[in-house]
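If you count by the numbering used here, then the sequence shown holds residues 33 to 406, one letter each, in order. Note that beta-carbon positions come from the ideal geometry of N, C-alpha and C, so glycine has one too. In what follows, a single structure is set out as structure tokens and then discussed.
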Amino acid sequence: MPSYSTPLKLGPLLLKNRVIMASLTRDRNRIPGPLQVEYYTQRAGAGLILTEGTFIEELGCEWSNAPGIYTNEQVAGWKKIVDSVHARQGLIYIQLWHIGRVAHPLLQNGRPNVGPSALAAKGGKFSQIKGEPGYVVPEAIKDPTFYISLYKQAAERAKEAGFDGVELHSANGYLPHQFIDNTSNHRTDQWGGSVENRCRFPLGIIDELSRVYGNDRVGIKLSPSGGYNDIGMNDTDTIETYGYLIKELNARRLAYIQLARYWAFVDPAGRGKNVDIFQWRKLINSEHTAFFVNTDFDSEEGAKVLESGMADAIVFGRLYISNPDLAERLIKNRELNTYLNMQGLCGGGREGYTNYPTYEKQKLQQFLSNIEYL
């Protein structure tokens with residue numbers, strides 16, 4: 033029975049374990065620097081690192097220091113990270129990100145927000161600006177192929193930086209998800225309406241990424257339950273849409289398909305549905321495409337999912353913030369550090385970012401504290 037320690041073949045790569053580091057927006061630097069090299073290198077014990085969401089073009093974002101890969105300086109910064117992770121026998125994919133209609137309304141350098149349709153997301157706020165203005169009505173994209181080409185260019189830059197592969201962020205209410213969901217996509221052309229038309233945009237991106245990297249080095253993240261960023265279809269449309277999309281992705285023999293579960297924490301308005309992501313397991317052929325699952329898994333549940341064959345690997349987010357050696361802790365069934373420095377979660381320096389201890393250091397600190405107390 034598979035466990036956390038079982039290697040996993042992922043296209044031409046062999047993951048040393050089945051513990052995947054999730055994409056985590058930490059808001060530290062638009063151009064990755066030495067601090068990011070330290071952060072990712074600390075976590076190179078993961079079977080696979082998925083980078084934080086990385087912009088394919090300059091965008092206004094609530095996280096004003098989220099990184100990009102649209103300049104030569106950014107490519108050079110990421111290359112140092114990739115080289116350092118590889119030196120620790122780690123593997124790393126970059127997650128390509130465009131936020132579409134939920135971009136920051138006042139940080140767009142005079143450009144309009146864009147989306148599949150001129151429909152604003154509801155309920156948003158941007159705490160970095162006084163008065164906390166919400167989402168604005170985007171400009172409907174005239175030619176979606178232009179944005180598909182931006183993703184391709186980003187993949188070419190990622191390859192230059194040495195990444196082992198690329199993941200399309202097609203979840204959480206960002207641009208590809210906005211095309212998929214019929215609540216945000218009201219187009220009447222070939223990019224909207226039917227299931228096939230609404231899925232045309234993410235599938236078009238996947239095809240271009242595959243031309244750059246090869247299909248077996250490309251992954252995708254999906255969140256069928258919706259909820260975040262005012263996204264979410266009814267049950268019937270969700271099952272039909274994602275059934276079609278996952279069949280098409282499986283036919284492309286990608287490296288993996290990652291599905292995120294519903295998380296009420298990011299859905300205060302109750303827009304999403306608690307959809308069972310495991311219903312689509314049977315549509316994914318693990319002989320050529322791995323099935324990753326994400327969101328709110330603890331060590332015990334993740335182990336059971338692997339043992340049952342319900343998924344091929346578990347993607348961990350918050351636990352990888354506070355446990356740089358999470359894979360080793362899970363494999364050796366060691367105590368996990370559950371403390372999160374909330375002030376250092378997004379933005380800042382080393383505090384709450386690279387100063388979390390490994391298991392050995394944590395135990396040493398506890399031992400020294402006990403001696404001092406005595």
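Residue i vs residue j beta-carbon contact at 8 Å
| i | j | result |
| --- | --- | --- |
| A186 | W110 | no |
| A345 | G79 | yes |
| E84 | R120 | no |
| S331 | L368 | yes |
| I52 | F348 | yes |
| D213 | G259 | no |
| L362 | Y36 | yes |
| V325 | L291 | yes |
| D308 | A153 | no |
| S257 | R293 | yes |
When the options are compared against residue i, the one with the closest alpha-carbon
| i | options | result |
| --- | --- | --- |
| F310 | I278, P300 and R284 | I278 |
| W95 | G122, H136 and Y391 | H136 |
| G231 | G246, L254, S242 and N247 | Here residue 231 is Cys; the residue named in the question, Gly, does not match the sequence. Cα-wise, what sits closest to C231 is L254. |
| M265 | G246, V244 and F211 | F211 |
| R313 | G341, P208 and T38 | G341 |
| G380 | L56, N61, L241 and S55 | N61 |
| L286 | G147, E272 and Y245 | Y245 |
| E90 | P66, N141, V114 and P64 | N141 |
| H218 | A172, P234 and R50 | A172 |
| K157 | E228, G166 and K48 | G166 |
| T386 | Q398, Q74 and N402 | Q74 |
| D239 | D115, N282, L207 and R143 | N282 |
| D269 | R293, L235 and T215 | T215 |
| D196 | L42, P144, D308 and H130 | L42 |
| Y179 | G155, L56, S55 and P148 | P148 |
| G236 | L138, T390 and P208 | P208 |
| R50 | R243, F399, G251 and I81 | I81 |
| G92 | V146, G334 and N261 | V146 |
| Y276 | L315, A203 and G251 | L315 |
| R366 | Q375, T390, E383 and M374 | T390 |
| Y352 | G384, Q375, E333 and L138 | G384 |
| N247 | Q222, E272, E280 and I271 | E280 |
| H130 | A203, Q222 and A343 | A203 |
| G251 | P170, V117 and H201 | H201 |
Euclidean distance between Cα positions of residue i and residue j
| i | j | result |
| --- | --- | --- |
| S354 | F329 | 15 Å |
| Y288 | L40 | 11 Å |
| L372 | T220 | 46 Å |
| L182 | N402 | 55 Å |
| T86 | K393 | 31 Å |
| V114 | I124 | 7 Å |
| Y102 | I88 | 6 Å |
| P144 | Y206 | 16 Å |
| V168 | Y274 | 28 Å |
| P64 | K184 | 21 Å |
| R382 | L139 | 26 Å |
| Q375 | A76 | 24 Å |
| L151 | Q222 | 18 Å |
| H320 | A343 | 14 Å |
| T327 | T370 | 16 Å |
| Y334 | F399 | Rather than Tyr, the amino acid found at residue 334 in this sequence is Gly. C-alpha separation (whole angstroms): 30 Å. |
Buried versus exposed call for residue i [16 or more other C-beta atoms within 10 Å across all chains shown]
| i | result |
| --- | --- |
| D175 | exposed |
| N306 | exposed |
| E339 | exposed |
| E199 | buried |
| G302 | exposed |
| A296 | exposed |
| R249 | buried |
| P44 | exposed |
| R350 | exposed |
| K336 | exposed |
| S226 | exposed |
| P99 | buried |
| F233 | buried |
| P66 | exposed |
| E407 | Here the chain covers residues 33 to 406 and nothing more, so residue 407 does not appear. |
| L358 | buried |
| R133 | buried |
| G11 | Outside the displayed range of the chain (33 to 406) lies residue 11, so it cannot be described from this structure. |
| G10 | With the chain represented from 33 up to 406, any question about residue 10 goes unanswered, as that position is not in the structure. |
| E360 | buried |
| D267 | exposed |
| L47 | buried |
| Q68 | buried |
| L128 | buried |
| L56 | buried |
Near the ligand NAP: residue i beta-carbon under 7 Å from a heavy atom
| i | result |
| --- | --- |
| K364 | Of the ligands one can find in the structure shown there are none, so the ligand NAP has no counterpart to examine. |
Next on the checklist: Counting beta carbon pairs with one atom in the stretch 188-204 and one in the stretch 105-122, are three or more of them shorter than 8 Å?
Outcome noted: yes
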